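What follows is a set of notes on a single structure, which appears directly below.
Protein chains: 2
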Amino acid sequence: MGRCSGHRSEGFTVGSAELTTFGQWGKRSDMLVHEQEPFNAEPPTDALAGQAVTAVDTFYSRNHGPIPQLDPAAWRLRVAGLVDRELELSLTDLQDRFEQRSLVATLQCAGNHRSGLLEVRDIPGEDPWGPGATSTAQWTGVALADVLTAAGARAAAAHVAFSAPDISTLADPAQPYGSSIPMSKARSGEVLLVLAMNGQPLPAAHGAPVRVVVPGYIGARSVKWVQGVTVQAEPSDNYFQATAYRLLPVDTDPDTAGPGVGLSLGPVALNSAVLRPADGAAVPSGPVEVSGYAFAGDDRTVARVDISADGGSTWAQADLEEQQSPWAWRLWHSRLTLPIGRAEIVVRAWDSTGALQPALPEHVWNPKGYVNNSWHRIHVTARS
Amino acid sequence: MGRCSGHRSEGFTVGSAELTTFGQWGKRSDMLVHEQEPFNAEPPTDALAGQAVTAVDTFYSRNHGPIPQLDPAAWRLRVAGLVDRELELSLTDLQDRFEQRSLVATLQCAGNHRSGLLEVRDIPGEDPWGPGATSTAQWTGVALADVLTAAGARAAAAHVAFSAPDISTLADPAQPYGSSIPMSKARSGEVLLVLAMNGQPLPAAHGAPVRVVVPGYIGARSVKWVQGVTVQAEPSDNYFQATAYRLLPVDTDPDTAGPGVGLSLGPVALNSAVLRPADGAAVPSGPVEVSGYAFAGDDRTVARVDISADGGSTWAQADLEEQQSPWAWRLWHSRLTLPIGRAEIVVRAWDSTGALQPALPEHVWNPKGYVNNSWHRIHVTARS
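First to last, the sequence lines map onto chains A and B. Each residue of the first sequence is one higher than the one before, starting from 0 at the first, in numbering that gives the first Met the number 0. Each residue of the second sequence is one higher than the one before, starting from 0 at the first, in numbering that gives the first Met the number 0.
Next up, the structure:
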């Protein structure tokens, strides 16, 4: 099955053929599937609402190639490059020789809410993700920093690259998936080599037996099925680091841009979304509960969320819920009183520096459709 | 002399009475003086243009009380609170007992470019700073982290407060100026106790004999004439930390808000400005050189600057100049071709996360007029 279509608007109307179960990857049956192969799917916004931690069957799934089924007993992690001691670690080595750590972290696809950009201009060849390419889990594993220390990573090395076995034919040329992060982030302690998700062994669709989780960075850096960690002087030259996942100037042709053009994406930019009510919903007039998430990347936090029931003419502050960790999204809720008729609900967030999201998708449109962090707008109809 | 008026627009027309020399504080004669007492002045934008480091006589000056003239020989820094050893350090102690460090860092007032917000709605009692409440210097002194280590700052302490002798009657109640920063920032190494500015002993107007410089944070945290460093569990309860320098909700009355309302400002939010040509200037038609700064707070960097010659309809990327340090602004320049007539030049910047500044001052207006980081717009007239 090719790309799904029909939900370029945020109403998430999907073809009935896609409302099947996705037992193969352990996903709930109402996932919005953008592609079956590679498997790319997000939950309906309602399924994310009010859940500080997302159930595994609801967690969005973003893939660039076929999902590999690896034998945990045969799996090895090779740590090499600018290190004093190359390592080859089995799953048992990771479990027995390193401290086990847990943290709650939100992952977010750089293409989250691309659908909003498609209303400005088409973005050929990229999936129309809604605001549900974002989920939160409790991740358990070992700190990458501890593994780097065990290997004696050299001080001069500025980057840590990850490699995986899933070959992507979307890359040019076709190649296994890979990425890298700066050494300062790799050393930070919050970057994990993850063995378990929400207290269960990692499922295949999420990178079993071991994946990287880089809290606060775009999901593309959290490499699944990781097999190689390479300490090096330069960023990865993998297609998905050097060419894809870059913010290109508006007038750039992504098919000819090549490596190194534009801005390499790492930390997530401040964003927010309404999760409930759903876009296009009919609601009773009078007080209605509105809820959603806000997320500030890396070391920033969400400091304030504003909600408008009249398209942005007037605003009230939403109530912020407790954050599960510094790396988790901040859920919020608010009670709005809607007059009978159609209403535009808008959300916008401020981070801990007092910075506000940009207002409109036309301000942030870019040729690959990344980082749509413009104010999220939904339309509902209040009935008597 | 009271507030100056007459330059709420960005044209910087000031009363002739203020175009005197400011020899008392060592400032150039064309500074735009918002208040004589306390002395608050910014350079004309043209004076900042193209200078990676700002001359001392051009560096903006923001004060909350009378500028004290301290005797360097009698000056002492008292380090107290949650420490193993209280310290009392003389200037000689700082010079002889600690490593001397230098870094180039930009300081920026939280009220920088408040003038743009005044076009949305009045902000009584606050000075109408233009985009020149921003300057960059080379700062030399000792790392606060080294002094905290010498004092044995306790692990449980989360904040470091600074106190100074300049009493501000703007505070309620009147009190000496003070602020605080999180311990993680205080420990970072880039926060300096500064003795010299651009290679010269610190002048009185900039905090002689010793000031704090907190790179990447709003200028209000870089306390001048510092005399006290207190390691503590909570943020400072000083008026300028607890009540002022907070981003208040739009409908809040700042006169009655009291401590703890809104968002405490720390790291600077991404912003940018056109420095040359000046707003309102007449320029020749055809190619014209446009230049300015962009600044991303704390650990973010400026990744891209766009410039428009037609009010934001079309954009080109500006050329970014080398940054003097990770804590310095990023200067940029571009050559625009202007048709004869009036043109609106607009600048906007992206940070290293792919986040863009908000477009309009009405999006960011707040009752105290802080963090106007909306796109900077100037108007020029091109003549044949």
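Think of the CB as a built atom: it goes at the ideal place given N, C-alpha and C, for glycine as much as any other residue. Since the model is a prediction, treat every value here as computed from it, not as a measurement.
field: Collapsed DSSP secondary structure at A:TRP331 in the structure displayed
entry: strand
task: Over the uninterrupted alpha helix (DSSP H) stretch that includes B:ALA144, give me the two end residues.
output: 143 to 150
message: Quick check: what's the CA-CA separation for B:TYR244 versus A:PHE239?
response: 42 Å
message: Spatial neighbours of B:VAL222 within its chain, please: C-beta separation below 6 Å, excluding the five flanking residues on both sides.
response: PHE161, ALA163, SER178 and VAL211
message: With a threshold of 6 Å on Cβ separation, who are the neighbours of A:ASP297 within its own chain once the five nearest residues in sequence on each side are excluded?
response: GLY215 and PRO266
task: Assuming B:ALA132 and B:ARG61 form a contact by the criterion Cβ under 8 Å, report the distance between their Cβ atoms to the nearest whole angstrom.
output: 7 Å
task: Count the other C-beta atoms from every protein chain shown that fall within 10 angstroms of the C-beta of A:GLN107, then say buried if there are 16 or more, exposed otherwise.
output: buried
task: Say whether chain A places a C-beta atom closer than 9 Å to the C-beta of B:ARG376.
output: no
- prompt: So, is the C-beta of A:TRP24 closer than 9 Å to a C-beta in chain B?
  reply: no
query: Listing by chain order, which chain A residues have their CB less than 7 Å from the CB of B:ARG303?
result: LEU262
task: Please go through the same chain and pick out, in chain order, the residues whose beta-carbon is closer than 7 Å to the beta-carbon of B:ALA354, but skip the five residues on each side of it.
output: LEU269
task: Please check the pair A:THR255 and A:PRO130, which I expect to be a contact at CB under 8 Å, by giving their CB distance rounded to whole angstroms.
output: With a Cβ gap of about 30 Å, A:THR255 and A:PRO130 do not count as contacting.
- request: Please list the partners that A:TRP314 has in chain B, where partner means a Cβ-to-Cβ separation under 8 Å.
  value: VAL249
- request: Please state whether DSSP places B:ALA354 in a helix, a strand or coil.
  value: coil
- request: Keeping to the same chain, check which residues put their C-beta closer than 7 Å to that of A:GLN68; ignore five residues upstream and five downstream.
  value: ALA203
The segment 351 to 362 of chain A: positions lying closer than 9 Å to chain B by Cβ: SER351, THR352, GLY353, ALA354, LEU355, GLN356, PRO357, ALA358, LEU359 and HIS362
query: If you draw a straight line from the alpha carbon of A:VAL399 to that of A:ILE344, how long is it in whole angstroms?
result: Outside the shown range of chain A, which is 0 to 383, sits residue 399 of chain A, and nothing can be said about it.
message: Strictly below 9 Å CB to CB, what residues from chain B border A:PRO258?
response: None at all; the shortest Cβ gap to chain B is about 17 Å.
message: Can you confirm whether B:TRP128, when its beta carbon is compared against all beta carbons of chain A, has any partner nearer than 9 Å?
response: no
message: Does B:ASP350 pass the burial test, meaning 16 or more other C-beta atoms within 10 Å, or should it be called exposed?
response: buried
Test item: CB-CB of A:VAL209 and A:LEU76 under 9 Å: yes
field: Close-in-space but distant-in-sequence residues of the same chain around B:PHE97 (CB under 6 Å, 5 per side omitted)
entry: VAL141 and ASP145
task: Give a yes or no on contact between the segment 271 to 291 of chain B and the segment 327 to 338 of chain B, applying the rule of three or more CB pairs nearer than 8 Å.
output: yes
Three-state class that DSSP yields for A:ASP92 in the structure shown: helix
query: Identify the residues that DSSP records as bridge partners of B:PRO266: which are they?
result: B:TYR216
message: If contact is defined by three or more beta carbon pairs under 8 Å, each pair taking one atom from either stretch, is the segment 79 to 97 of chain B in contact with the segment 150 to 157 of chain B?
response: yes
query: List, in order along the chain, the chain A residues whose C-beta lies closer than 8 Å to that of B:TYR369?
result: GLY353
- request: Give a yes or no on whether the minimum CB-CB distance between B:ARG186 and chain A is below 9 Å.
  value: no
query: A:LEU246 versus chain B: which residues are under 9 Å apart at the beta carbon?
result: ALA302, ARG303, TRP349 and GLY353
task: Please decide whether B:LEU269 counts as near chain A, where near means a Cβ-Cβ distance under 9 Å.
output: yes
field: Proximal residues to B:SER383 (C-beta, below 7 Å), its chain only, five neighbours per side dropped
entry: SER284 and ILE339
message: Comparing C-alpha positions only, which one of B:ARG100, B:SER324 and B:SER28 sits nearest to B:PHE58?
response: B:SER28
field: Under the three-state DSSP convention, the category B:PHE239 falls into
entry: helix
query: Relative to the C-alpha of B:GLY124, which residue among B:ASP252, B:GLN226, B:GLY25 and B:ALA348 is closest?
result: B:ASP252
- request: Quick one: grab the DSSP three-state call for A:GLN107.
  value: strand
message: Using the three-state DSSP reduction, which class does B:VAL301 fall into: helix, strand or coil?
response: strand
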